[in-house]
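Below is one structure, written out as structure tokens; comments come after it.
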Amino acid sequence: MHVYSDTGNAFVAAHIPPESRRILDIGCGSGDLARLIKQRRPAVTIEGITHNQVEADAASDVLDKVYVADIERDAAARIAPPFDCLLFSHVLEHMRDPARVLSAFLPMLEAGGAIVIAVPNVLEWRTRARFLMGDWTYADSGILDRTHLRFFTYATVEHHFDHADLRGRIEIIEKKAEGSVPLWPLRRLRSAKPLLAAIDAAGTRHFPNLFGRQILLLARKVA
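In our numbering, the protein residues as written are 1201 to 1423.
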């Protein structure tokens, strides 16, 4: 059984709208992202869904409520709305039909509520280099995680949500990427960290499909 646990995704946590008070974390894993959000905003309520009991037991120390359910089948029917933010952080790439999953959870969200989506960028420079060498080898983690069923790029990520069930129901209001520029010698120098942070931010802003490792979409429910 795979248990997803890490240090949390600070980039995603920083983009939860400040007005969000009741968040549903779809694919919450062991609760690492929820922990980051709670550290910044302890008053928010966060409920989560995960696919196994081991993750749920770990997440229950952080989240206000955790459901064990199949996200693609029965999860939405078991949860009590409304929420003002739906969070899909690195979960939709594991779904057979990401748009249909998003559509199933939309009734949980109040009108005008936020949808925060984060997915990996398969055309980030490291993966491109592997492709140029003819290498598409799945791994236990990372962009080519063997459990990934869908692949996204910064240039085309919106196309995955151009679905009949979603048209006129959501509006994408922001798209951005987080990543890094290949400057290995400088990364050995502690004194270079501020400069590297500025270069990474500028490089990813101007060339998100090349340097962006993860893509973030912020959307809202229209109706």
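Yeah, the Cβ is synthetic: ideal placement off N, Cα and C, and Gly gets one too.
Measuring alpha carbon to alpha carbon, tell me which residue in Ile-1237, Arg-1240, Ser-1380 is nearest Ile-1321.
What sits at residue 1321 in the sequence shown is Asn, not Ile. For Asn-1321, the nearest C-alpha among the options comes from Ser-1380.
C-alpha gap between Arg-1388 and Ala-1258, whole angstroms:
Those two C-alpha atoms are separated by around 35 Å.
Which residues in the same chain as Thr-1356 place their Cβ atom closer than 7 Å to its Cβ, once the five residues preceding and following it in sequence are excluded?
Result list for Thr-1356: empty, nothing under 7 Å.
Assuming Leu-1323 and Thr-1353 are in contact, meaning their beta carbons sit under 8 Å apart, how far apart are those beta carbons, in whole angstroms?
5 Å
Are Leu-1292 and Val-1316 touching if we call contact CB-CB under 8 Å?
no
Do three or more CB pairs link the segment 1245 to 1262 to the segment 1208 to 1228 at distances below 8 Å?
yes
Could you compute how far the alpha carbon of His-1294 sits from the alpha carbon of Leu-1263?
22 Å
Count the C-beta pairs between the segment 1303 to 1310 and the segment 1332 to 1341 that are closer than 8 Å, then say yes if the count reaches three, no if not.
The segment 1303 to 1310 is not in contact with the segment 1332 to 1341.
Start and end of the beta strand (DSSP E) containing Gly-1248?
Counting along the chain, the beta strand (DSSP E) containing Gly-1248 begins and ends at 1245 to 1250.
Using only CA atoms, which one of Asp-1400, Phe-1283, His-1348 lies nearest to Arg-1420?
Phe-1283
State whether the segment 1233 to 1246 contacts the segment 1271 to 1281, with contact taken as three or more CB pairs (one from each stretch) at a distance under 8 Å.
no
Which value, in whole angstroms, describes the spacing of the CA atoms of Glu-1310 and Leu-1366?
15 Å
Candidates Leu-1386, Val-1254, Leu-1233, His-1363, of which the one nearest Ala-1318 by Cα:
Leu-1233
Would you identify the three-state DSSP class for Ile-1237, choosing helix, strand or coil?
Here Ile-1237 carries a helix assignment [DSSP, helix/strand/coil].
Give the straight-line distance between the Cα atoms of Asp-1386 and Glu-1378, rounded to the nearest whole angstrom.
In the sequence on display, residue 1386 carries Leu and not Asp. Answer to the nearest angstrom: the Cα atoms are 19 Å apart.
From the DSSP secondary-structure annotation, give me the bridge partner or partners of Asp-1274.
Per DSSP, none; premise fails for Asp-1274.
Nearest to Asn-1277 (by Cα), restricted to the options Val-1301, Lys-1376, Phe-1361
The residue asked about is misnamed: residue 1277 is Ala in this sequence, not Asn. Ala-1277 has its Cα closest to that of Val-1301, out of Val-1301, Lys-1376, Phe-1361.
Are Leu-1383 and His-1215 closer than 8 Å when you measure CB to CB?
no
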